[in-house]
Amino acid sequence: MSIETVISLTHVSIFQGHNLILSDVNISIGKGEFVYLIGQTGSGKSSLLKTLYGELPLEKGEGSIAEINLQGLKPAQVPYLRRKLGIVFQDFQLLTDRTVYKNLEFVLKATGWKNESDMKARIQEVLELVNLQTKDFKMPHELSGGEQQRVVIARALLNHPEIILADEPTGNLDPKVSDDIMNLLIEISKKGTAVLMATHDYRIIQKFTGRILRCEKGHIEETTTLGHF
Amino acid sequence: MDIQPVKKRRKISYLPSIISIAMVLFMMGLLGIIFINASTLSDHLRENFQLTVFFREDAAETEMRKIVRQLEGSEYTSRVTFVGKEEAAKEFAAQMGQDFVGFLGFNPLLPSAELFVDAAYANADALRKIEQEIRLKKAVQDVVYQVSIIDEINKNIRTIGAVLTGIILLFLLIAITLINNTIRLNLYARRFIIKSMQMVGATHWFIIKPFAIKSFLHGLYGGILACLLLSGLLSWAPYWVPEIEALYNNSQFAILFVVVIIAGVMISMVSSMLSTNHYLKMKIDDLY
C-alpha cells in the first residue's frame, strides 16, 4: 500500500434513509492506486461512492477523503469536498444546455478560477489528455457516448483531484469504447491520481488489473479472485 | 458553425415563459385600471352631486347672501354658487335658445343656490339632515335633489368595489400560481443540470445566481411587456368609449405600472430561487 492515504474508512456503516446498506466498512486507498469496487446491483457500491462524495451523510464510523473529514460534514462544506475529487458517472451528468467548453468553464468558474486565459489553457490541457481538443465547441448531445464520457473525465481532472470516483463509467458504452475509457483511467492513476471505480463488468476486471474490493451481503472485503461474481 | 443555431434555439425557449408572465401581469394590471377608473368615477359622481336651494320670490338679497355664506361655512359643503333671478333667466334662455322673458313678459324663475356636497355627505341620510336644516330658514322656499340617484350610486359603488377587490385578490393569487408554475416547469426541465452543477463542486449560491438573474430579467421583461400592452389599451380605449378619458388618472396609472413590474420581478425571482433551492436539496435518486 502507498504511504499517502487518500481514502480512509474505519468501522463505517452506510445507510440509505433508514436502511442499513453496508456495515463495518474498513478501506484504505493510497495515492495513485487503481481500485475496483465490485458487487451485484444493489449491493451498495453506489451508496459507498455517494458517501465518499457527500451525497449521503456518514452517520456511523470514521472516514476521510482527500484530507477532509466525512463525519459531521455540513451541507455547506460539500461543494469544497467535491472540488478535491473528480466524479465520473455512468450517465455522464454533463450540462446538456451548453457546449463542451462551457461545461468545463462552468466547473472552473464554480471553483474560483477568475483569469480567462488561465481557464482557457487548463481546458485545452484536459481536453488534450482525453484527446478531444477539436470538439470543444460541440454540444454534449452531438457527441458519442464514449466522447461524452471522455469529456466527463476531462471535467473530473480540471482541478488536479487526488482521487477520481467512477460509478460504472463504462456501463453505457460498448466494449471497444469501454477499453479506451479504461486505458485513460489507468493512465491517470499512473500519474498519481487514485481511481476508485465501481463496476460489475467482469470482462473489464479481467482485462485490466487492479485492487479489488467486493461488496457483498452488507460488507466490503478485499479480494484477489473474482469467485462466483 | 454549430454553435449559431443552438444559441438561437435557447433564446426562443425562454420567450413563452416571458409571454405567460406578461399575460398574467396584463390581466392583473387591467383589473387595476378598472379599479382606478371605478374609484375615480365614484368620487366624480359623488362630488358632483348637488342640491338646489330655491329662495322665496320676495326674499331680500341680503338675506339670501347671508344664507349662501352660512352654507359656505358648513362642513358638508364642497362649494356653493348663488344664481340670481336674472342669471337664472339668462342660463335658461341660453339652454332654450329663446328669449322667454320677453315672450312671457315677466321672469318666473326663482333665485337659487347650487350646493355641491362633500363626497362623504353624498348619501341619503346625510342629505335629508342637510335638507331639513336648510328648509328651516325663512327665505328658503324649497330644497330639491334626487335622492334615488344618490342611493343608487352608493349602492352600486359598494357592490362594484367589493366585487373588484375580490376579483383583484383572486387574480393576484392566480398570477402568483401561474408564474410560479411556469418557472417551476422551466426549472424542472433543468433539474438534472442543477444536480450536475452541484456534483462538480459549485456552491448553492453560485448555482442559484444565474437562475435568479435570469428570472429577474424575465419578470422585468414580462412586466414591461404587460405595461406596454396596458398603455396601448389605455390610449386606444377613448376611440371606442370617448367618455372614459375623463376618468383617467395618470399619476395612479404610473403607480400601477410600477407595481405591475415589481410584482412580476418579485414573483418570478422568488419562485425561481425557491424552486432551484428545492432541487438543490433533493437527493439525486428523487429527481427521476
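Heads up: the protein sequence lines correspond to chains D and W, in order.
Sequence positions in the first sequence follow the numbering used here and run 11 to 239.
Sequence positions in the second sequence follow the numbering used here and run 3 to 290.
Even for Gly, the Cβ is constructed at its ideal location relative to N, Cα and C.
Here the structure is a predicted model, which means the values were calculated and not measured.
Against chain W, does residue i count as a neighbour if the rule is that its beta carbon must be under 7 Å from one of theirs?
| i | result |
| --- | --- |
| residue 167 of chain D | no |
| residue 97 of chain D | yes |
| residue 205 of chain D | no |
| residue 160 of chain D | no |
| residue 117 of chain D | yes |
| residue 20 of chain D | no |
| residue 51 of chain D | no |
| residue 171 of chain D | no |
| residue 195 of chain D | no |
| residue 105 of chain D | yes |
| residue 92 of chain D | yes |
| residue 185 of chain D | no |
| residue 89 of chain D | yes |
| residue 239 of chain D | Its pLDDT being 47, under 50, residue 239 of chain D is placed unreliably in this model, and the coordinates cannot settle the point. |
| residue 11 of chain D | Confidence in residue 11 of chain D is poor, its pLDDT being 44 and thus under 50, which makes the residue's placement unreliable; the coordinate value appears in the next sentence. Taking Cβ atoms only, chain W never reaches closer than 7 Å to residue 11 of chain D, which makes this a no. |
According to DSSP, is residue i helix, strand or coil?
| i | result |
| --- | --- |
| residue 6 of chain W | Here the model assigns residue 6 of chain W a pLDDT of 47, short of 50, so the residue's position is not dependable, and the following value carries that caveat. Helix, per DSSP. |
| residue 47 of chain W | helix |
| residue 288 of chain W | helix |
| residue 101 of chain D | coil |
| residue 57 of chain W | strand |
| residue 278 of chain W | helix |
| residue 46 of chain D | strand |
| residue 70 of chain D | strand |
| residue 96 of chain D | strand |
| residue 80 of chain D | coil |
| residue 25 of chain D | strand |
| residue 230 of chain D | strand |
| residue 15 of chain D | strand |
| residue 219 of chain W | helix |
| residue 36 of chain D | strand |
| residue 20 of chain D | strand |
| residue 213 of chain D | helix |
| residue 51 of chain D | coil |
Establish whether the CB of residue i and some CB of chain D are separated by less than 7 Å.
| i | result |
| --- | --- |
| residue 265 of chain W | no |
| residue 185 of chain W | no |
| residue 277 of chain W | no |
| residue 195 of chain W | yes |
| residue 274 of chain W | no |
| residue 19 of chain W | no |
| residue 292 of chain W | One cannot answer for residue 292 of chain W here, as it falls past the ends of chain W, which runs 3 to 290. |
| residue 44 of chain W | no |
| residue 198 of chain W | yes |
| residue 22 of chain W | no |
Practice prompt. For the segment 131-210 of chain D, list the alpha helix (DSSP H) runs that are entirely contained and at least 4 residues long, ordered along the chain.
Written response: 155-167 and 185-200
Discussion item. Short of 9 Å Cβ to Cβ, which residues in the segment 201-225 of chain W face chain D?
Written reply: 201, 202, 203, 204, 205, 206, 208 and 209
Worksheet item: In chain order, which alpha helix (DSSP H) runs of at least 4 residues are fully inside the segment 61-143 of chain W?
Response: Along the segment 61-143 of chain W, the alpha helix (DSSP H) occurs as fully enclosed runs of 4 or more residues at 63-75, 87-98, 102-106 and 126-137, listed in sequence order.
Worksheet item: For the segment 54-86 of chain D, which residues have a CB atom closer than 7 Å to at least one CB atom of chain A, in sequence order?
Response: No chain A is part of this structure, whose protein chains are labelled D and W.
Discussion item. Does the segment 173-192 of chain W come into contact with the segment 138-154 of chain W, if we say contact requires no fewer than three beta-carbon pairs (one atom in each stretch) closer than 8 Å?
Written reply: The segment 173-192 of chain W, when compared against the segment 138-154 of chain W, does not touch it at the 8 Å Cβ threshold.
Discussion item. For the structure I just gave you, are there three or more beta carbon pairs, one from the segment 213-230 of chain D and one from the segment 40-55 of chain D, closer than 8 Å?
Written reply: yes
Discussion item. Beta carbons nearer than 8 Å to chain W: which residues of the segment 22-50 of chain D have them?
Written reply: none
Worksheet item: In chain order, which beta strand (DSSP E) runs of at least 3 residues are fully inside the segment 233-271 of chain W?
Response: none
Item to complete: Indicate whether the contact test is met: 3 or more Cβ pairs, each with one atom in the segment 11-28 of chain D and one in the segment 64-84 of chain D, closer than 8 Å.
Response: Counting Cβ pairs under 8 Å, three or more are found: they touch.
Fill in: Complete alpha helix (DSSP H) runs within the segment 137-217 of chain W (minimum length 4 residues, chain order)
149-191 and 193-201
Worksheet entry | Contact set between the segment 116-141 of chain D and chain W, restricted to residues whose Cβ is under 9 Å from the partner | 116, 117, 119, 120 and 121
Worksheet item: If we count Cβ pairs, one from each stretch, closer than 8 Å, do we get three or more for the segment 36-44 of chain W versus the segment 278-289 of chain W?
Response: no
Practice prompt. Mind checking the segment 28-39 of chain W against chain D and listing, in chain order, the residues whose C-beta falls within less than 8 Å of any C-beta there?
Written response: none
Discussion item. Check whether the segment 100-118 of chain D and the segment 217-232 of chain W are in contact - that is, three or more C-beta pairs closer than 8 Å.
Written reply: Taking 8 Å as the limit for Cβ pairs, the verdict is that the segment 217-232 of chain W does not touch the segment 100-118 of chain D.
Discussion item. Any contact between the segment 29-42 of chain D and the segment 81-89 of chain D? By contact I mean 3 or more CB pairs, one from each, below 8 Å.
Written reply: no
Fill in: Within 7 Å of chain D by C-beta, residues of the segment 135-168 of chain W in sequence order
Correct list: empty, as no residue qualifies.
Discussion item. With a threshold of 8 Å, are at least 3 pairs of Cβ atoms found where one atom belongs to the segment 91-107 of chain D and the other to the segment 194-208 of chain W?
Written reply: yes
Item to complete: Could you tell me whether the segment 106-123 of chain W touches the segment 74-93 of chain W, where touching means 3 or more Cβ pairs closer than 8 Å?
Response: yes
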